[in-house]
Amino acid sequence: MDNINALAQKHIDILVSAAMSPDDKTLHKEATKLHGVVECLKYIFT
């Protein structure tokens with residue numbers, strides 16, 4: 842469970858960084874990928 846929490850925290854950090862750095866294209870690509878992964882997981886677990 843700790844691994845999942847650490848991973849979630851890392852993802853949150855990336856999303857927050859992307860929100861605070863609108864010009865960083867790489868960060869935004871990562872954030873978009875993460876969003877897709879989260880949507881898939883929500884679909885699987887609900």
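Adding 841 to a residue's 1-based position in the sequence shown gives its number in my numbering.
Glycine residues also receive a C-beta, built at the ideal position from the N, C-alpha and C atoms.
Everything numeric in this text was worked out from a predicted model, so none of it was measured.
Check                                                                                                                                                 : Outcome
In angstroms, rounded to a whole number, what distance separates the CA positions of His852 and Thr887?                                               : 20 Å
Considering only residues of the same chain and omitting the five flanking positions on each side of Ser858, which have a CB-CB separation below 6 Å? : Leu868
Taking the alpha-carbon positions, what's the Cys881 to Leu875 distance?                                                                              : 10 Å
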